[in-house]
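Novice: To start, I am sharing the structure in question, which I have written as structure tokens.
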Amino acid sequence: MDSTHGCRGAASRPRWLRWLASGLTAAALALMGGCGSDANDSDAAPMVQPPVITGQPAPVSAMAGTAASFTVVASGSAPLRYQWQRDGSDIAGATAAGYTLAAAAPADSGARFRVVVSNSAGSATSDAAALTVITAPPVLTITQQPADQSVTSGTPATFSVAGTCSTGTLQVQWQRNNGPGGGFAAIPAATGATYSLSPSSADSGARLRAALDCSGQSATLSAEAGLTVTAPASIRLDPLLVTGLRPQANISGLVAIDLDATGGTATLVMQNQLKRLSADFNQVAPYAGGSTSTPSDGPRATAGLLGTQAVTHDAAGNQYVIAADTVRRIGTDGQVTTLAGSLTDSGYIDGPGTTARFNSPRGITFGPDGNLYLTDVGSNTVRRITLAGQVSTVAGNGTRGYAEGSGQAAQFSGPFGLAFAPNGDLLVADNGNQRVRRITPSGQVSTLAGNGMTGPPAVAAAGASPIEDPRGLAVRGNTLAVAQGVGIVTLIDLDTGRTTPYAGTYGRTGGYADGPLGQAVFGNLWSLTALPDGRYLVADSQALRLIEAGGAVRTLYGGNSELMDVTGGPIWQRNFSFASNTEQTLTVDAAGRVIVAADGDVRRIAADGSVSLIAGLPGGRRGMLDGSGSVAQFTRVGSGLAAAPDGTLWVADDTAIRRIAPDGNTTLVAGYRQFLGDTSGTPSFGAVDGVGSSARFQSSMSMAVGPDGALYVADPSNCAIRRVTADGTTTTWAGVMGQCTITDGTRLTARFRAPRSPAFAPDGSLWVSDRGGLRRIAPDGTVTTVSAPLGPLAFGPDGDLFIGASDGLYRIAAGTTTAVQLIAGGQNDLPVYGNAPHLSRIDALAALGRRQLALLSPLGLMLVSLP
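When you line the sequence shown up against mature numbering (1 follows the signal peptide of the UniProt record, and there is no 0), it's residues -39 to -1, 1 to 828, in that order.
Below, the structure written as structure tokens:
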């Protein structure tokens, strides 16, 4: 049957009947024939369509001083009303479909414009379009070009450049090209008008230039300058200049982090002060407080911010800091004022401004209603502060306990961090109750996660998993991240309350180890903040940590309380002097770069002097852990280090042999040492040949890569020289383990007392320093004793043997065993540099170029240049 059957002729009905039908119910219409109002009825009341944005405003770039226009296209029932907004605030008079900023100024750059379109049926808000204001580029003039430099090996070479800017600030970045055909690369931290290096013979032929700009505009390259390095007329000792190091940042007592509104720089809350972290994580700089021990307002650099605990910000860029029992405002003008609380008194009093009292406030955040919210640990409450300073209690009644309910009927126990959920609920880390609580906009308090119990978190439904010692909270989308003082970060689904362990290791604190869930270790986990790219920045007391998407932890700064008094940059580029009384060693890789192992890490010094981390973590949790880069952990490095031609590094780690692949991944190859978390009690030391971890060594091993590619290990406590192949097969190559004496003969009939510092000569013979004599193992296996001083050994490319003895540096000419020559005297105090050198104790040495040696002593890293 036709769908219009029974409705034909509706349009021809009398007007009164059609009018009557329009007001009847559907049931009545059905009784009249089942027809509704006619779609073609020109007199039927039209439907009002709400606005729909069909053409979004586009980003605009405009020259400074010119107009910048934004437009929107919207559909919907008329009349449509328009209200343009800048950075979320209405623009007076901007009520058309387009908006034009008459003359864009540099200060307008970065502003975001959107429009709200409305009618009687509703409203629609457009996307925000960014404005970029382009200024005329400044004129940069180079007034002094770098000049070629010719120096003697080991003596400083200095390059200079100068320029002027018509506007802006002149910025310089030195670049280096290592030989013909090589690309130029920036030299880390070489940003001054002059750049100096102490070159070796390997630096001869390098070319340098400077990249200049005026406040990031008008980029210009200087002319290139060449470097020529000649050998000295006599032996020369100089410090091996290490460039490009940024000092270690002072990350002491880091408890909170606040990311600014653009997701770029962050404010770090530390002991009595605030610091700023750059968006690229490469710089930490003082920001506010820290200059006085007296609570006070005033300019942020000199204000007294004692007892800093947390910081947040509003849309205008003002910041709000908990400092002791006050909330202080840092205005965009840099002035610090007290918004609420007292600089001298604590308590629990609601009221205006400085008449209000707080008792150990801990967390603070900015609410969607434009007010501040904070947790007051001492009064067990959650408080609200208007921007005029009026303080009131949102939830809790001042009594410690656990109770759900509305407003002051609820109870908390030491509430800590807090954050807002997307639906407007305020989330609170109820530390003493081992729970995360939820406060609705109407003030109703309930439990989101946690069951009041202690223990490791689990993948579990709401209330089924412990949330022990919750501290900091961070919301991303519909997920809440909880920083727990027991060393772990847990994720909570805000809809279901389901918990998922995410990063760290439950119950392990007080150390620092990078890596995934169950492997990473936090020192003293306080709080975290969500980054726009899916990662989290973590405040870990003496360290700033980063949780990658997926839960792997990486250390950015700190990780060692012994470094708290130093200032500057990342830990793997810290200003470490390579001077230490702890065990340390060095080698030179096939590319001519110095590799140093000491203090829990292995680092590389490039030809330009810049330092980078290869493996380990200074100040990390002591224990063996395989992994890439800083994820790897070492028990004790500094006795043995060797470089293979393919870029592989071999490291003696206490009683184990570890391999660092060219990609930075560290693995156990031979021997045994308890991994982190191993409680088996299996002995790690001994005198056992075998494959992989079945072999046993003693500690303080040293090593060299042989012509056959195998690793030769001097095992002094076992009085033998061991051979380790790439697959970890370990055999006794010379001597007999446990038979400690000096006897010449063949490899297997000879005896060693305490062999150390193996070094291969160009002819394939292996030399070791042994207690009682210098031992040579010929390619045919014959062992002989040479009368010579003892100490670390290194062969130069021409076959000369160098010995770092207690009374100086010796050389045995190639092809002899008797031509022993003291070439630099030794002494126990500071070294004497220059052409009449004296040395302190030598811990390690290696050939660096044809006529140069790199030395490592307790007083630093040095360069010996030979005539």
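Every residue gets a Cβ at the ideal spot worked out from N, C-alpha and C, and that includes glycine.
This structure is a prediction, so every number in the text was calculated from the model and none was measured.
Residue 430: buried (16+ other C-beta within 10 angstroms of its C-beta) or exposed?
Specialist: Your numbering for residue 430 matches position 469 in the sequence shown. Result: buried.
Novice: Is it right to say residue 663 is buried, meaning 16 or more other beta carbons lie within 10 angstroms of its own, or is it exposed?
Specialist: Here residue 663 corresponds to residue number 702 of the sequence shown, with the count starting at 1. Classification of residue 663: buried, given that the 10 Å Cβ count is 16 or more.
Novice: Please name the residue, chosen from 677, 806, 261, 312, that lies closest to residue 293 on a Cα-to-Cα basis.
Specialist: Here residue 293 corresponds to residue number 332 of the sequence shown, with the count starting at 1. Among 677, 806, 261, 312, the Cα nearest to that of residue 293 belongs to 261.
Novice: Give me the Cβ distance between residue 474 and residue 578, rounded to the nearest whole Å; I'm assuming they're in contact under 8 Å.
Specialist: Reading the sequence shown from its first residue, position 513 is the one you call residue 474. Reading the sequence shown from its first residue, position 617 is the one you call residue 578. So it is a contact: roughly 7 Å between Cβ atoms.
Novice: Look up residue 175 in the DSSP assignment and give the residues it is bridged to.
Specialist: Reading the sequence shown from its first residue, position 214 is the one you call residue 175. DSSP lists 131, 178 as partners of residue 175.
Novice: Quick one: what's got a C-beta closer than 8 Å to residue 476's C-beta in the same chain, skipping five residues either side?
Specialist: Within the sequence shown, residue 476 is the residue found at index 515, counting from 1. For residue 476, where only same-chain residues beyond five positions count, the Cβ hits under 8 Å are 513, 514, 586, 588, 592.
Novice: What are the residues that DSSP puts in a beta bridge with residue 120?
Specialist: Along the sequence shown, read from residue 1 onward, the residue named residue 120 stands at position 159. Per DSSP, 156.
Novice: DSSP three-state label for residue 590, please.
Specialist: Against the sequence shown, residue 590 aligns to sequence position 629. Correct three-state label for residue 590: helix.
Novice: Is DSSP giving residue 191 helix, strand or coil here?
Specialist: Working through the sequence shown from its first residue, we reach residue 191 at position 230. Strand.
Novice: Can you grab the Cα-Cα spacing for the pair residue 390 / residue 336, in whole Å?
Specialist: If you number the sequence shown from 1, residue 390 lands on position 429. If you number the sequence shown from 1, residue 336 lands on position 375. Each residue's alpha carbon lies about 9 Å from the other.
Novice: Would you identify the three-state DSSP class for residue 69, choosing helix, strand or coil?
Specialist: Here the question's residue 69 lines up with position 108 in the sequence shown. In this structure, residue 69 counts as helix in the three-state DSSP scheme.
Novice: Are residue 59 and residue 12 closer than 8 Å when you measure CB to CB?
Specialist: As a working mapping, residue 59 is identified with position 98 in the sequence shown. As a working mapping, residue 12 is identified with position 51 in the sequence shown. No, they are not a contact pair.
Novice: Count the C-beta pairs between the stretch 703 to 711 and the stretch 646 to 655 that are closer than 8 Å, then say yes if the count reaches three, no if not.
Specialist: Because the criterion of three Cβ pairs below 8 Å is not met, the stretch 703 to 711 and the stretch 646 to 655 do not touch.
Novice: Closest to residue 804 by C-alpha separation, out of 357, 600, 252, would be which residue?
Specialist: Reading the sequence shown from its first residue, position 843 is the one you call residue 804. When only C-alpha atoms are compared, the closest one is 600.
Novice: Can you tell me the Cα-Cα spacing of residue 125 and residue 179, whole angstroms?
Specialist: Working through the sequence shown from its first residue, we reach residue 125 at position 164. Working through the sequence shown from its first residue, we reach residue 179 at position 218. Using only the alpha carbons, I get a separation of about 11 Å.
Novice: Would you mind sorting residue 426 into buried or exposed? The rule is 16 or more other CB atoms within 10 Å of its CB.
Specialist: Counted from its first residue, the sequence shown places residue 426 at position 465. The residue in question, residue 426, is buried, as its Cβ has 16 or more Cβ neighbours within 10 Å.
Novice: Which residues bound the beta strand (DSSP E) around residue 872?
Specialist: With the chain covering only -39 through 828, there is no way to say anything about residue 872.
Novice: Do three or more CB pairs link the stretch 142 to 149 to the stretch 98 to 108 at distances below 8 Å?
Specialist: Because the criterion of three Cβ pairs below 8 Å is not met, the stretch 142 to 149 and the stretch 98 to 108 do not touch.
Novice: Please state the DSSP three-state secondary structure of residue 775.
Specialist: Walking along the sequence shown from the start, residue 775 turns up at place 814. Looking at residue 775 - three-state DSSP - the assignment turns out to be coil, as it is neither helix nor strand.
Novice: What residue range does the beta strand (DSSP E) around residue 585 cover?
Specialist: The sequence position of residue 585 within the sequence shown is 624, counting from 1. That residue, residue 585, is in no beta strand (DSSP E); it is neither H nor E in DSSP.
Novice: Quick one: complete alpha helix (DSSP H) runs, 4+ long, within the stretch 199 to 260?
Specialist: You should have found no qualifying run.
Novice: Decide if residue 439 is buried, meaning its Cβ has at least 16 other Cβ atoms within 10 Å, or exposed.
Specialist: Taking the sequence shown and counting its residues from 1, the one referred to as residue 439 is at position 478. Exposed: under 16 other Cβ atoms inside 10 Å.
Novice: For residue 733 and residue 777, what's the separation of their Cα atoms in angstroms?
Specialist: Along the sequence shown, read from residue 1 onward, the residue named residue 733 stands at position 772. Along the sequence shown, read from residue 1 onward, the residue named residue 777 stands at position 816. Their Cα atoms are separated by approximately 20 Å.
Novice: Measure the CB-CB distance between residue 354 and residue 369 and report whether it falls below 8 Å.
Specialist: By one-based count along the sequence shown, residue 354 stands at place 393. By one-based count along the sequence shown, residue 369 stands at place 408. Contact flag set, yes.
Novice: The beta strand (DSSP E) that contains residue 831, what's its start and end?
Specialist: Outside the shown range of the chain (-39 to 828) lies residue 831, about which nothing can therefore be said.
Novice: According to DSSP, is residue 679 part of a helix, a strand, or is it coil?
Specialist: Taking the first residue of the sequence shown as 1, we reach residue 679 at position 718. Residue state, collapsed to three classes: helix.
Novice: Please list the terminal residues of the continuous beta strand (DSSP E) segment that includes residue 43.
Specialist: On the sequence shown, position 82 is the one that residue 43 refers to. Element bounds for residue 43: 42 to 47.
Novice: In the DSSP assignment, what residue or residues form a beta bridge with residue 449?
Specialist: Translated into the one-based positions of the sequence shown, residue 449 becomes position 488. Answer is 445, 465, bridged to residue 449.
Novice: Take residue 239 and list the residues in its own chain whose beta-carbon comes closer than 7 Å to its own, dropping the five residues that flank it on each side.
Specialist: Indexing the sequence shown from 1 puts residue 239 at position 278. Excluding sequence neighbours, residue 239 sits near 226.
Novice: Any idea what DSSP makes of residue 50, helix, strand or coil?
Specialist: Numbered from its first residue, the sequence shown carries residue 50 at position 89. Looking at residue 50 - three-state DSSP - the assignment turns out to be strand.
Novice: What separation, rounded to the nearest whole angstrom, lies between the Cα atoms of residue 409 and residue 455?
Specialist: As a position in the sequence shown, residue 409 is number 448, starting the count at 1. As a position in the sequence shown, residue 455 is number 494, starting the count at 1. When rounded, the distance between both Cα atoms is 8 Å.
Novice: Should residue 794 and residue 200 be called a contact, given that it needs their Cβ atoms to be closer than 8 Å?
Specialist: In the sequence shown, the residue the question calls residue 794 occupies position 833. In the sequence shown, the residue the question calls residue 200 occupies position 239. Contact flag set, yes.
Novice: What first and last residue would you give for the beta strand (DSSP E) that runs through residue 345?
Specialist: Taking the sequence shown and counting its residues from 1, the one referred to as residue 345 is at position 384. Note, residue 345: beta strand (DSSP E), 342 to 346.
Novice: Skipping 5 residues on each side, what residues in its chain have a beta carbon closer than 6 Å to that of residue 424?
Specialist: The residue labelled residue 424 in the question sits at position 463 within the sequence shown. The answer, listed in chain order, is 412.
Novice: Could you pull out every residue in the same chain whose Cβ sits closer than 7 Å to the Cβ of residue 548, ignoring the five residues on either side in sequence?
Specialist: Here residue 548 corresponds to residue number 587 of the sequence shown, with the count starting at 1. Here the set comprises 556, 602, 603, 604, 807.
Novice: Compare the C-alpha of residue 28 against each of 79, 93, 75, 679 and name the closest.
Specialist: As a position in the sequence shown, residue 28 is number 67, starting the count at 1. The shortest Cα separation from residue 28 among 79, 93, 75, 679 belongs to 93.
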